[in-house]
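Peer 1:
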């Protein structure tokens, strides 16, 4: 029956009209969801959380043939999510409170053509079931999967994960035009590449640009792809000895260990106080990582971003390792436990990147040494702090 | 005339009145029906789930369904349970030994340790409608036990201690154990029977399996050649949960190199999710 009274609804591109928002991990914990709702209701949080994301934990039974998420949260998963049906109440709770649930299928194993083809019926049924429990948006890491979803489903919003490793404007264009992707999360190496950000918004004004603010990876990691591949295909990783399994991890820690300060300045973390500038540049949303982080730390970080965007003092009062979880590694403690306000002056300034638009991937350390000078300052600061001894540390804090 | 007409009129007038009344009733009915149906649609159609996609995602027949000739004929009730392979006999399966990240992180907070424990549940996901014939073999992986030589895993804490791994060349040091254990994991659904088949090589004289649900030892029967079959019925009332079977093959002579399990598979009825 046609509804003659109903106004024809218009659905404007989602990201265009809304102000910048956060996309944060979902822990399968109602207390956590309540906390997000509480944060959203606070006036001092200018930018709200609009979407949360996760996938089924490894301990669940329902699978489409792939492990979906790149990693999972075992801490919060105490067998609560066994089947897709178990997800339904969480999705309802979220949508009742204005939060969109995004299902992650960004596992890089979906790029394997053979695995993909052999799992197509399962994938299709799996996604149908996802739609049935209220999922409207899926984040994918493979162009193939994006194409599959575009071909086999209508009305499904598809996001390009950082796993798709979009690092050029051409890739973004392809993802949008050929794969029907409506929201793109480029590699976080491009977080401070304002030439890219500007071009993106110019070329693809209707496509959402989401930046992953706090990825712990080192800048332009030489082993990123193999790391994703190894961690993605968990059924294979199990057959692999730890020596091989952990190979990429050790590489990044080893690189960091040579000079933690350099990695600190090179890491493209978007700090909370920088977010208003990103909003001005047309960035639509900010993604925070942490599905596998402990709940208190995760909430602490989300708070730092929500309150710190307009109240830098709040964000500066956090430790560096709040924003870069890899610095939780005790080897890097002298750096990880620095308070942001101690090193604020020694961090690269966003203005520099906005004004000069350095091509970091191509020039870093050769044509441009801006960050390296900053790193020296941090290094000197830490060295001085160490010399001063524990007493002054205690007095300082 | 008037009178005449008046005399003649009542019947047609009554008829007209009746028709008018009928029409009016019909009209009322029609309006009532229309209004109700409009009201109904207004209510039902206005329950918009999502601003972007009012009706939610819908499956369609795309090129993958059509061009590839794939028929998606799966029943909605069918589940995709999973089978896990793990080889607990080898040295590296003990993640606990794997102290690097534990040491590295637990100074910050204890539960950070778990961050890297995700891998224990790795599995190959399959659909339980047929026999699953795993091509992975025990003997293929048994070489991995050579890693047990690397008891210096604790050295992971020492950055740059990679040089310690020069004894990689010890691949050939592996000695087959007197009995071998392979495991297979599936999901325990109450009142279902799981049948496990093990294929062995060498002079195997017995195959048994234990499971993680209870202490039952499942004896396997030799069904000819190197094939051994055992089955286990999940007790009624059991909570749906993962179950692992550890299949042990051995021989009575205790000869250390006589036995290997080359294949373990299991069969379950269709499971509903």
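Chains as they are written, first to last, in the numbering used here: chain A, 820 to 1216; chain U, 6 to 278.
Note that beta-carbon positions come from the ideal geometry of N, C-alpha and C, so glycine has one too.
Less than 8 angstroms between the CB atoms is what I'm expecting for residue 900/A and residue 922/A, so what's the real figure, rounded?
Peer 2: For the purposes of this step, residue 900/A is identified with residue 81 of the first chain, where counting begins at 1. For the purposes of this step, residue 922/A is identified with residue 103 of the first chain, where counting begins at 1. In fact, because the Cβ distance is near 12 angstroms, the residues do not count as touching under 8 angstroms.
Peer 1: Does residue 69/U have its Cβ less than 8 angstroms from a Cβ in chain A?
Peer 2: As a position in the second chain, residue 69/U is number 64, starting the count at 1. At least one chain A Cβ lies under 8 angstroms of residue 69/U.
Peer 1: With 8 angstroms set as the bound, which would you pick, yes or no: does the beta-carbon of residue 240/U sit closer than that to a beta-carbon of chain A?
Peer 2: Here residue 240/U corresponds to residue number 235 of the second chain, with the count starting at 1. Not closer than 8 angstroms to any Cβ of chain A, the Cβ of residue 240/U fails to qualify, so no.
Peer 1: Since residue 910/A meets chain U, which of its residues come closer than 7 angstroms, beta carbon to beta carbon?
Peer 2: Looking up residue 910/A in the first chain gives position 91. Within chain U, no residue comes near residue 910/A; the closest Cβ sits about 10 angstroms away, beyond 7 angstroms.
Peer 1: Going by DSSP in three states, residue 956/A sits in which element: helix, strand or coil?
Peer 2: As a first step, residue 956/A is located in the first chain; it is residue number 137 there, counting from the start. Residue state, collapsed to three classes: strand.
Peer 1: Just list the beta strand (DSSP E) runs in the segment 1089-1139 of chain A, keeping only unbroken ones of 3 residues or longer that don't cross its boundaries, in chain order.
Peer 2: Those beta strand (DSSP E) runs which fall completely within the segment 1089-1139 of chain A and span 3+ residues are 1104-1106.
Peer 1: What is the rounded straight-line gap between the Cα of residue 1146/A and the Cα of residue 1102/A?
Peer 2: By 1-based counting over the first chain, the position of residue 1146/A is 327. By 1-based counting over the first chain, the position of residue 1102/A is 283. Approximately 27 angstroms between the Cα atoms of the pair.
Peer 1: Where do the ends of the beta strand (DSSP E) carrying residue 199/U lie?
Peer 2: Residue numbering aside, residue 199/U sits at position 194 when the second chain is read from its first letter. Unbroken beta strand (DSSP E) run through residue 199/U: 198-207.
Peer 1: What does DSSP give as the partner residue(s) for residue 1028/A in the beta ladder?
Peer 2: On the first chain, position 209 is the one that residue 1028/A refers to. DSSP output for residue 1028/A lists 1003/A as bridge partner(s).
Peer 1: Express the C-alpha separation of residue 1012/A and residue 987/A in angstroms, rounding to a whole number.
Peer 2: Taking the first chain and counting its residues from 1, the one referred to as residue 987/A is at position 168. Taking the first chain and counting its residues from 1, the one referred to as residue 1012/A is at position 193. One C-alpha to the other measures close to 11 angstroms.
Peer 1: Could you check how far apart the C-beta atoms of residue 249/U and residue 219/U are, in whole angstroms? I think they sit under 8 angstroms.
Peer 2: Residue 249/U sits at position 244 when you count from the first residue of the second chain. Residue 219/U sits at position 214 when you count from the first residue of the second chain. About 12 angstroms; that fails the 8 angstroms criterion.
Peer 1: Between the Cα of residue 869/A and those of 845/A, 876/A and 875/A, spot the shortest distance and give me the residue it belongs to.
Peer 2: Against the first chain, residue 869/A aligns to sequence position 50. Nearest of 845/A, 876/A and 875/A to residue 869/A, Cα basis: 845/A.
Peer 1: Can a CB atom of chain U be found closer than 8 angstroms to the CB of residue 895/A?
Peer 2: As a working mapping, residue 895/A is identified with position 76 in the first chain. Because the pLDDT at residue 895/A is just 49, under 50, the model does not fix this residue reliably, and the value given afterwards should be weighed accordingly. No, no contact with chain U.
Peer 1: Pair every Cβ in the segment 1155-1173 of chain A with every Cβ in the segment 1121-1141 of chain A, then say whether three or more of these pairs are closer than 8 angstroms.
Peer 2: Contact holds: three or more Cβ-Cβ distances are below 8 angstroms.
Peer 1: If distances are taken between C-alpha atoms only, which option among 991/A, 1180/A, 876/A and 954/A comes closest to residue 975/A?
Peer 2: The residue you call residue 975/A lines up with position 156 of the first chain. Per the Cα distances, 954/A.
Peer 1: Are the C-beta of residue 189/U and some C-beta of chain A separated by less than 8 angstroms?
Peer 2: In the second chain, counting from the first residue as 1, residue 189/U sits at position 184. No, its Cβ sits nowhere closer than 8 angstroms to a Cβ of chain A.
Peer 1: Helix, strand or coil for residue 869/A, going by three-state DSSP, please let me know.
Peer 2: Start at 1 with the first residue of the first chain, and residue 869/A comes out as number 50. Reduced to three states, the DSSP call for residue 869/A is strand.
Peer 1: In chain A, which residues lie less than 8 angstroms from residue 63/U when you measure between Cβ atoms?
Peer 2: In the second chain, counting from the first residue as 1, residue 63/U sits at position 58. Chain A residues near residue 63/U: 950, 972, 973 and 974.
Peer 1: I'd like to check one pair, residue 1084/A with residue 1179/A: are the Cβ atoms closer than 8 angstroms?
Peer 2: One-based indexing of the first chain puts residue 1179/A at position 360. One-based indexing of the first chain puts residue 1084/A at position 265. No. Outside cutoff.
Peer 1: Which residues in chain U have a C-beta closer than 7 angstroms to the C-beta of residue 795/A? List them in chain order.
Peer 2: Because chain A spans 820 through 1216 in this model, residue 795/A falls outside it and cannot be assessed.
Peer 1: Is the segment 1116-1128 of chain A in contact with the segment 1086-1104 of chain A, if contact means three or more CB pairs nearer than 8 angstroms?
Peer 2: Contact holds: three or more Cβ-Cβ distances are below 8 angstroms.
Peer 1: Pull up the distance between the alpha-carbon of residue 37/U and that of residue 909/A, whole angstroms please.
Peer 2: Counting from 1 along the second chain, the entry for residue 37/U is found at position 32. Counting from 1 along the first chain, the entry for residue 909/A is found at position 90. One C-alpha to the other measures close to 41 angstroms.
Peer 1: Got a sec, what are the start and stop residues for the alpha helix (DSSP H) residue 861/A sits in?
Peer 2: Residue mapping note: residue 861/A aligns to position 42 of the first chain, counting from 1. No alpha helix (DSSP H) contains residue 861/A, which DSSP labels as neither H nor E.
Peer 1: Contact check, residue 918/A vs residue 855/A under 8 angstroms by CB: the rounded distance?
Peer 2: Mapped onto the first chain, residue 918/A falls at position 99. Mapped onto the first chain, residue 855/A falls at position 36. The Cβ separation is near 7 angstroms, so the contact holds.
Peer 1: Is there a Cβ of chain A sitting closer than 8 angstroms to that of residue 23/U, yes or no?
Peer 2: Here residue 23/U is taken as the residue at index 18 of the second chain, counted from 1. It does not: the Cβ of residue 23/U has no partner Cβ on chain A nearer than 8 angstroms.
Peer 1: Buried or exposed, going by whether 16 or more other CB atoms sit within 10 Å of the CB of residue 913/A?
Peer 2: Here residue 913/A refers to the residue found at position 94 when the first chain is read from its first residue. When all chains shown are included, residue 913/A counts as buried.
Peer 1: Residues of chain U with CB closer than 7 angstroms to the CB of residue 947/A, please, in chain order.
Peer 2: Taking the first chain and counting its residues from 1, the one referred to as residue 947/A is at position 128. By Cβ distance, chain U contributes 64.
Peer 1: So who's on the other strand from residue 973/A, going by DSSP bridges?
Peer 2: Here residue 973/A corresponds to residue number 154 of the first chain, with the count starting at 1. 63/U, per the DSSP bridge assignment.
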